[in-house]
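Engineer: Following this message is one structure expressed as structure tokens.
As structure tokens, this is what we get:
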């Protein structure tokens, strides 16, 4: 059975020389480029200071895809120390975050602390003064921006972009079972208890519209995530997954914080632990299908 997340429209996308994606006008295309795949295991992430000006007081950052110092969209891991609290500051670009482990607080400097545990989601609008704090010896979060460079600036440069922050505790994430989404194709997928679930976080889940979702796979799931998108990016947030691209005969075990992605029509084989459900954050601009084996 396939879970179809959008209609058949394909958006033409120009690939810049630096690897950035520049959306062109939407056109119908009957040609899908040959797929290419990316894989970054968490243990192979290269760490650096998020804000070099603060030296060892800065959280560490490890790029998964893109370039924080370039102009393109980028996804990276944020690893703050236990007890970290930033001074009030702003950013020149809006970012989104998903907590992978530990506790994160991100809000106005005078706000009451709201500690977000693993699986929580937040956005920080550009130009707005805020602080970021962390609890836990292994706090980790996934952060992404739609364009770079990603800069840390003083609060006297604050401005109102018109965007507003979002802080969603994991207990407030709204999960929708596949069988309850009327516009998804249903054929043979379990109707309750052991079916994949989706949480829509931002954007429109349609071809040609960049959007982000959380995909929850039940324990013991074995199947594929099929993408027809020009770009597909996925980060394991929770659980244990054995992953294999269709172009590779070898399966690798993913720890939370690991990344896999593709461009063009591609197929990603995933098998979850028999004991644990798994949650994957997906950023894409086209169709995906979830196909159990």
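Residue numbers (our numbering): 10 to 302. Note that CB positions come from ideal geometry on N, CA and C, so glycine has one too.
1) Leaving out five residues on either side along the sequence, give the residues of the same chain with a beta carbon under 8 Å from the beta carbon of residue 213.
2) Identify the residues that DSSP records as bridge partners of residue 301: which are they?
3) Given residue 163, which residues of its chain have a CB within under 7 Å of its CB, disregarding the five upstream and five downstream residues?
4) Just to confirm my understanding: we take residue 106, look at its own chain, exclude 5 residues before and 5 after, and list those with CB closer than 6 Å. What are they?
5) Pick from 240, 126 and 180: whose alpha carbon is nearest that of residue 297?
6) Below 8 Å on the Cβ atoms is my guess for residue 128 versus residue 207; work out the distance and round it to an integer in Å.
7) Taking residue 148 as the reference, give the member of 155, 294, 210 and 108 with the closest Cα.
8) Whole-angstrom Cβ separation of residue 170 and residue 126, contact assumed at under 8 Å?
9) Tell me residue 296's beta-bridge partners as DSSP assigns them.
10) Closest to residue 168 by C-alpha separation, out of 222, 100, 248 and 74, would be which residue?
11) Are the Cβ atoms of residue 287 and residue 46 separated by less than 8 Å?
12) Going residue by residue through the region 107-134, where are the continuous beta strand (DSSP E) segments of at least 3 residues, counting only ones entirely within it?
13) Threshold first: 3 residues or longer. Then list the beta strand (DSSP E) segments lying entirely within the region 34-107, N to C.
14) Is it right to say residue 94 is buried, meaning 16 or more other beta carbons lie within 10 angstroms of its own, or is it exposed?
15) Determine whether the Cβ of residue 176 lies closer than 8 Å to any Cβ atom of chain B.
16) Within its chain, find whatever has a CB closer than 6 Å to the CB of residue 245; leave out the 5 residues flanking it on each side and keep chain order.
17) Among the residues of its own chain, which have a CB less than 8 Å from the CB of residue 145, if the five just before and after it don't count?
18) Among the candidates 285, 291 and 280, whose CA atom is the shortest distance from the CA of residue 301?
19) Which class does residue 287 belong to by DSSP, given the choice of helix, strand or coil?
20) Measuring straight from C-alpha to C-alpha, what distance separates residue 72 and residue 178?
21) Measuring alpha carbon to alpha carbon, tell me which residue in 102, 142 and 103 is nearest residue 118.
22) Could you pull the start and end residues of the beta strand (DSSP E) that residue 221 belongs to?
Structural biologist: This is what the structure holds:
1) Within the chain shown, residue 213 is the residue found at index 204, counting from 1. Same-chain partners within the cutoff: 220.
2) Here residue 301 refers to the residue found at position 292 of the chain shown. For residue 301, which the question treats as bridged, DSSP gives the partners 232.
3) Against the chain shown, residue 163 aligns to sequence position 154. The residues are 98.
4) For the purposes of this step, residue 106 is identified with residue 97 of the chain shown, where counting begins at 1. Contacts found: 131, 150 and 152.
5) Locating residue 297 in the chain shown gives position 288, where the first residue counts as 1. Of 240, 126 and 180, the residue nearest in Cα terms is 240.
6) Taking the first residue of the chain shown as position 1, residue 128 is located at position 119. Taking the first residue of the chain shown as position 1, residue 207 is located at position 198. The Cβ separation is near 14 Å, so there is no contact.
7) Reading the chain shown from its first residue, position 139 is the one you call residue 148. Selected option, being the one with the closest Cα: 108.
8) Translated into the one-based positions of the chain shown, residue 170 becomes position 161. Translated into the one-based positions of the chain shown, residue 126 becomes position 117. In fact, because the Cβ distance is near 28 Å, the residues do not count as touching under 8 Å.
9) Stepping through the chain shown from its first residue, residue 296 is reached at position 287. Residue 296 has no beta-bridge partner at all, per DSSP.
10) In the chain shown, the residue the question calls residue 168 occupies position 159. Measuring from the Cα of residue 168, the nearest candidate turns out to be 100.
11) Translated into positions along the chain shown, residue 287 becomes position 278. Translated into positions along the chain shown, residue 46 becomes position 37. Cβ atoms of residue 287 and residue 46: not closer than 8 Å.
12) DSSP runs (the beta strand (DSSP E)) wholly in the region 107-134: 130-133.
13) Listed in chain order, the complete beta strand (DSSP E) runs (minimum 3 residues) inside the region 34-107 are 45-49, 56-58, 69-74 and 83-88.
14) Locating residue 94 in the chain shown gives position 85, where the first residue counts as 1. Flag for residue 94 reads exposed.
15) The question asks about chain B, but that chain is absent: this structure has only one protein chain.
16) In the chain shown, the residue the question calls residue 245 occupies position 236. The answer, listed in chain order, is 263, 265, 267 and 289.
17) Here the question's residue 145 lines up with position 136 in the chain shown. Within the same chain, residue 145 has close Cβ partners 91, 110, 111 and 112.
18) By one-based count along the chain shown, residue 301 stands at place 292. Among 285, 291 and 280, the Cα nearest to that of residue 301 belongs to 280.
19) As a position in the chain shown, residue 287 is number 278, starting the count at 1. If DSSP states are grouped into helix, strand and coil, residue 287 belongs with the strands.
20) The residue given as residue 72 occupies position 63 in the chain shown. The residue given as residue 178 occupies position 169 in the chain shown. C-alpha separation (whole angstroms): 25 Å.
21) Your numbering for residue 118 matches position 109 in the chain shown. Residue 118 has its Cα closest to that of 142, out of 102, 142 and 103.
22) In the chain shown, residue 221 corresponds to position 212, counting from 1. Here the beta strand (DSSP E) through residue 221 covers 220-226.
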